[in-house]
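K.L.:
Take this structure first; my questions come after.
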């Protein structure tokens, strides 16, 4: 069964309808009546013969017509009985349980109450939304099961999922009280998610013809992997915009106190959203602005944006906002565009001072605006336009809006519009929005929205590429050898960590290449290993009981003679024995010193929510302090591996800096993907650390490898 | 003369008043009549016998009463004549010249026109605001010389200065059309600043008893030094909040096209604003929110903030915003506060999960809100409160507001309030604002505003400290020796740069200490210098014709024997002769290799607008790419030098990282101040480069010194 019975019920019973304005059951019933829900709405309350001049029934059974959806607004302990009554009726398909005081309290008795209620519901074939929720809205049939007062319903293409009832309701109030009210299609707050959950609502919205874009308010995720999977599916068809709180430590703490769920690292959420194609925003305003614009306009086919203004100040503010976005470039007009603008606009207009910026000057009238918009729209170097006006007294806003609608009729590039002049331009904004042209009261809002539209378009392009690549990748990828599998199982069973040579062996099976290294069980063999190359050599202690080799004097570098190698061997064993007398030593790992290159780190761990997370970053003590790192959730493929690398602040180092060497981005991307693959296939591996990784103009070489098995200490 | 005649004229003449709604002169006259300016408003237009049923006069001379202020809305070429008529009258004190088409066009004829007009005005003793401006507003006497339509005047403590007429007007419209209209005191747009400039308006606002806070929109500064001086004076008495555009390259470009003035580095503006005590904001909304709150509330005495909410989602959003601000810490309640909250609030309330966060739960009523607010307010560990409500149906917003006003009556800590529920809480917000409690429609706005109030408070504390320190500093500071002065003059006259030993000499005069280094004119002397210490040694070529010594093979390090020193000497001279045959060589600078330490850079240059700018940052190729640097405009003192260091992302390195050495922050701050002092005293020095500077646990040592004289190449 889908959620149709929630959003399009033929009839509704409000159990616990009330004449006391302080009760939720009052407002729910009023909202359904006042908004004019298209179908019977029955009131149930044993204490009232009638309510608002309509009959009121003592129980569900007494209702003289069919009931598809019931909204239960009685105290928690009364809820199971209502489900029994509904079971007896046989026609109820869905329930919204408003009451709180169930499993969210973590009180055993109340957790059991929720379970009991759910058992009856299941038996009766009734879906449950909540408890501890406010339910759904649908502007298509004037449905509203919430007890929020004062929400105007106005239709539009955005549908909302909120993890907070209060915030979700205020989002709608904020939206509908904007100078140009934002319309929406559907809305849901699913509370404890005992049965219907966020993912099911997302899927329902994806299939809902009235929903063009999905806007979410999120505090945390309980089932992160399913979330990623569903979000990936949904964002292929429809844009999803999310306001996810917990950006700061203080915010995460507060969110954890609210949802009772783990909140997790914000950087990992960022990665997850990016991979799932969800556009993450910072504020309610940005959430609504973005959802509105995407629901109205075509997506840009590139990231080259132009700003068209007749007022300098607001134009500059828009340019600033776009200029600060790394994913936007200002459009470079064709020469004929500049010539046409010069001809069309007043002499004071500035058209070729700053790329992508046209200041039509305060002398511009409606005709100038319309012509300039049309000229810029036709330039093939422009993918989207931010159009700004602070209409002077001689410029008629309605006429400006009408001319703009004409010019944009059938246009295949997005335009966001900011008119600034208080109430004087309210009607003009409505004219534009009726023609599905999104308007904003501040230039930075119009600009930021355009940037988010570019992000959505870029996701669509990436995901097309990604699909092909995923197929390619799954065709030829190495896998673990039988010997390595046995090794991992043995260590796991013995509750022991891997030594470095063992870690290298496992990773080699997945195509991760290391430089030659010889495990030497005594000084003679170490000296022999050195003598074979005669190159400056490094030695590291081999011990499954030591995670941080240099901390215990277990690393020596730049050994240049056999004698130095023998001395070092003796010293290292003595050092380690002093620092950790119980550590079992399997000898030393002897390898020639690696050539200098760009120092990076690649690692992986398991996030409590999202599972395997792979990290890449630049190395070195100072740089590590700056945390110039990027994350992705495994598995992922080349597009995401490259995107990770591109996110690094120091990315340009890989292109060669100050005559320094370049770095092999292809090889680095492959290494990252392979580390992700190990983590995906081997749930018995908790952590992988390749630190440092030397990146050369041709190839990458991890100089150290560490694998921590699940259940072992990680520090 | 002050600007009193602009803001409080006894009478006004509108020259160019019109009955054509498309003309500025129509709207200006209408605004003055419609708002009800308190005094005679005369219309002047030779073509109209009357206007809006009032007499209209052919010329200024025909006006039968006194005229203190004239607003000139006639084409540019007509303006000088108007001033002649005013001169003949003898009573006009001030003029607002609306017309554009003067010096801003850069057309010589029109530049001359502005000059001529100004000459007449000066002769007649008339001040000029503009041209190319829209003038002033004053809510105290219902004055408005602008031609913006639809601005409601509501009184408040904020006064505005805008560098854009259109944006300035839309700021006012935005402000007055908020759900809780923001009041203001005075407003000005000064256009070309031919006479009255931004600084004079700032000073006037400082002395204006109706102005409690100054809000500015800025695009660029022409007289940066005066600006800094005036801003420093003004911010001692009144808060100044500024929205300065040009944050991005695209935005700077657009701003330069608009104002025609240099825009300069945004990082230097940031430093200048900080030093001047101006609070810089990112959006119009933040400008108005901050100005409103500061004009209403006491400042916090510390940075420990609490969030009090009955709705989880909005509370978390506020916590996120505060948590991301480096200058805020969440308050840690006293134990008795927690106990009192637990007793006062519903059982579901969360009071001790996350520092500074109280979620009163959805069951909280007006009484709970009031009691919790009162308890948190009394905690000595709390410096400010963000209070949030999404009133459920049973909570009466007006009652909540009234109780809140009672609790906050006489409170000495700031509170910002967010009520979210569309129109349902509009009246409650008005009740609060009438009691000078600022309200916001989104939690992040309430939180951000609180953060900005903390910033204002911190400036006030810094500036108290700073004054004392400045006096101390000026008492004992070294100055340039006569010999160094001669040296600088000689080089300047010869149009030559300084060699490194010369640069060291100059900087030493200012107390900047270097390690021992010997200038050796030949290989023998170099070898001798080495033999005196026998320590590993570095040698650098000495040449006033070579700015980048290592680029031409002019640097050798780690020389360990006399033979190596002699060889190196020969090699270096050969290298340099090859790379730059004409360079004059004065020998080499021989110095022992410096001990390892933390690598930093200190430098200074002259900003086209602000003059001497000093920079400090971390060194190393990768770190320099990340531009972890901070700026200040010289002169400055220890408080600012320390603040600069504290701004660096890698600041913690100076505290010792991973057992690494600490850095001497005192000595580093002194070095920075001294570099600033050199730049302030010697305008003939264009640039100073100390790169690298080794920072040790005790002391700092610049390893290289470069001084570029004014007028010489800098790269």
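Protein chains in written order, with our numbering: chain B, 1 to 715; chain Y, 716 to 1430. Just so you know, even glycine gets a beta-carbon here, dropped at the ideal spot from N, CA and C. Only a predicted model underlies this, so the values are computations on that prediction, with no experimental measurement involved.
Output yes or no for whether 7 Å exceeds the beta carbon distance between residue 354 (chain B) and residue 969 (chain Y).
P.N.:
Yes. Within cutoff.
K.L.:
With a threshold of 8 Å, are at least 3 pairs of Cβ atoms found where one atom belongs to the region 370 to 388 of chain B and the other to the region 342 to 359 of chain B?
P.N.:
The region 370 to 388 of chain B vs the region 342 to 359 of chain B: in contact.
K.L.:
So, does the CB of residue 357 (chain B) fall closer than 7 Å to a CB anywhere in chain Y?
P.N.:
Output row for residue 357 (chain B): interface = yes.
K.L.:
Is the Cβ-Cβ distance between residue 17 (chain B) and residue 51 (chain B) less than 7 Å?
P.N.:
Yes, they are a contact pair.
K.L.:
Taking beta-carbon pairs under 8 Å, can you tell me which members of the region 1336 to 1366 of chain Y lie near chain B?
P.N.:
Within the region 1336 to 1366 of chain Y, the residues whose Cβ lies closer than 8 Å to some Cβ of chain B are 1336, 1337, 1338, 1340, 1341, 1343, 1364 and 1365, listed in chain order.
K.L.:
If the cut is a Cβ gap below 8 Å, which residues of chain B does residue 932 (chain Y) touch?
P.N.:
Within 8 Å Cβ-Cβ: 313.
K.L.:
For the beta strand (DSSP E) containing residue 359 (chain B), list its first residue and its last residue.
P.N.:
Its beta strand (DSSP E) spans residues 357 to 359.
K.L.:
Rounding to the nearest angstrom, what Cα-Cα distance links residue 753 (chain Y) and residue 847 (chain Y) in this structure?
P.N.:
Straight-line Cα distance between these residues: approximately 26 Å.
K.L.:
Measuring CB atoms only, is the region 159 to 172 of chain B touching the region 40 to 49 of chain B, in the sense that at least three cross pairs come out at less than 8 Å?
P.N.:
No, they do not touch.
K.L.:
Given residue 831 (chain Y), which residues of its chain have a CB within under 6 Å of its CB, disregarding the five upstream and five downstream residues?
P.N.:
Cβ within range, chain order: 795.
K.L.:
If you draw a straight line from the alpha carbon of residue 666 (chain B) to that of residue 672 (chain B), how long is it in whole angstroms?
P.N.:
Spanning the two alpha carbons is a distance of roughly 10 Å.
K.L.:
Scan the region 33 to 63 of chain B and note each continuous beta strand (DSSP E) run of 3 residues or more that stays entirely inside, going in chain order.
P.N.:
As far as the region 33 to 63 of chain B is concerned, its whole beta strand (DSSP E) runs of at least 3 residues are 41 to 44 and 54 to 57.
K.L.:
Can you tell me which of B:664, B:204 and B:82 puts its alpha carbon nearest to the alpha carbon of residue 67 (chain B)?
P.N.:
Of B:664, B:204 and B:82, the residue nearest in Cα terms is B:82.
K.L.:
For the beta strand (DSSP E) containing residue 304 (chain B), name the first residue and the last one.
P.N.:
Where residue 304 (chain B) is concerned, the enclosing beta strand (DSSP E) stretches over 304 to 309.
K.L.:
Checking contacts by CB at 7 Å: is residue 935 (chain Y) closer than that to chain B?
P.N.:
Chain B, which has no Cβ nearer than 7 Å to the Cβ of residue 935 (chain Y), makes this no.
K.L.:
For the alpha helix (DSSP H) holding residue 501 (chain B), just list the boundary residues, first then last.
P.N.:
Residue 501 (chain B) -> alpha helix (DSSP H) spans 500 to 509.
K.L.:
Between which two residues does the alpha helix (DSSP H) containing residue 1083 (chain Y) stretch?
P.N.:
Run containing residue 1083 (chain Y): 1081 to 1093, per the alpha helix (DSSP H) assignment.
K.L.:
Under the three-state reduction of DSSP, which class applies to residue 978 (chain Y): helix, strand or coil?
P.N.:
Any reading at residue 978 (chain Y) must be qualified, since the residue scores a pLDDT of 48, below 50, and its modelled position is unreliable; the value itself is stated next. Coil.
K.L.:
Using 7 Å as the limit for Cβ to Cβ distance, is residue 1414 (chain Y) near chain B?
P.N.:
Output row for residue 1414 (chain Y): interface = no.
K.L.:
For residue 1246 (chain Y) and chain B, any beta-carbon pair shorter than 7 Å?
P.N.:
No - not a single Cβ of chain B is within 7 Å of the one on residue 1246 (chain Y).
K.L.:
In the DSSP output, which residue or residues are listed as bridge partners for residue 138 (chain B)?
P.N.:
Paired residues: B:143 and B:186.
K.L.:
Check each residue of the region 305 to 337 of chain B: if its Cβ is closer than 7 Å to any Cβ of chain Y, include it; give the result in chain order.
P.N.:
Residues 311, 312, 313, 314, 315, 316, 317, 319, 320, 322, 323, 324 and 330.
K.L.:
Quick check: what's the CA-CA separation for residue 1243 (chain Y) versus residue 324 (chain B)?
P.N.:
Near 56 Å, if we compare the C-alpha coordinates of residue 324 (chain B) and residue 1243 (chain Y).
K.L.:
Would residue 388 (chain B) count as contacting chain Y if we go by Cβ distances under 7 Å?
P.N.:
Judged by the 7 Å Cβ criterion, residue 388 (chain B) is not in contact with chain Y.
K.L.:
So, is the C-beta of residue 964 (chain Y) closer than 7 Å to a C-beta in chain B?
P.N.:
Closer than 7 Å to some Cβ of chain B, the Cβ of residue 964 (chain Y) qualifies, so yes.
K.L.:
Could you list the residues in the region 412 to 428 of chain B with a C-beta less than 7 Å from some C-beta on chain Y, going in chain order?
P.N.:
For the region 412 to 428 of chain B, which is checked against every Cβ of chain Y, the residues closer than 7 Å are 420, 421, 422, 423 and 424.
K.L.:
Note down, one range per segment and in chain order, each beta strand (DSSP E) of at least 3 residues found wholly within the region 602 to 641 of chain B.
P.N.:
Listed in chain order, they are 611 to 618 and 629 to 633.
K.L.:
Let's see if you can read the secondary structure: which residues bound the beta strand (DSSP E) around residue 687 (chain B)?
P.N.:
Per DSSP, residue 687 (chain B) belongs to the beta strand (DSSP E) from 685 to 695.
K.L.:
Is DSSP giving residue 1034 (chain Y) helix, strand or coil here?
P.N.:
Helix.
K.L.:
Should residue 287 (chain B) be flagged as near chain Y, meaning a C-beta pair shorter than 7 Å?
P.N.:
Judged by the 7 Å Cβ criterion, residue 287 (chain B) is not in contact with chain Y.
K.L.:
Suppose you measure from the CA of residue 583 (chain B) to the CA of residue 607 (chain B); what does that come to, to the nearest Å?
P.N.:
So the alpha carbons of these two residues sit roughly 30 Å apart.
K.L.:
Taking the alpha helix (DSSP H) that residue 528 (chain B) falls in, what are its first and last residues?
P.N.:
That run of the alpha helix (DSSP H) goes 523 to 533.
K.L.:
Taking contact to mean 3 or more Cβ pairs, one atom from each stretch, closer than 8 Å, check whether the region 600 to 617 of chain B and the region 554 to 574 of chain B are in contact.
P.N.:
Too few Cβ pairs lie closer than 8 Å, so no.
K.L.:
Residues of chain B with a CB under 7 Å from the CB of residue 1373 (chain Y): which are they?
P.N.:
The answer, in chain order, is 621.
K.L.:
Under 9 Å, CB to CB, which of the residues in the region 1295 to 1312 of chain Y have a partner in chain B?
P.N.:
If the cut-off is 9 Å between Cβ atoms, the region 1295 to 1312 of chain Y has nothing near chain B.
K.L.:
Buried or exposed: residue 77 (chain B), going by 16 or more other Cβ atoms within 10 Å of its Cβ?
P.N.:
Classification for residue 77 (chain B): exposed.
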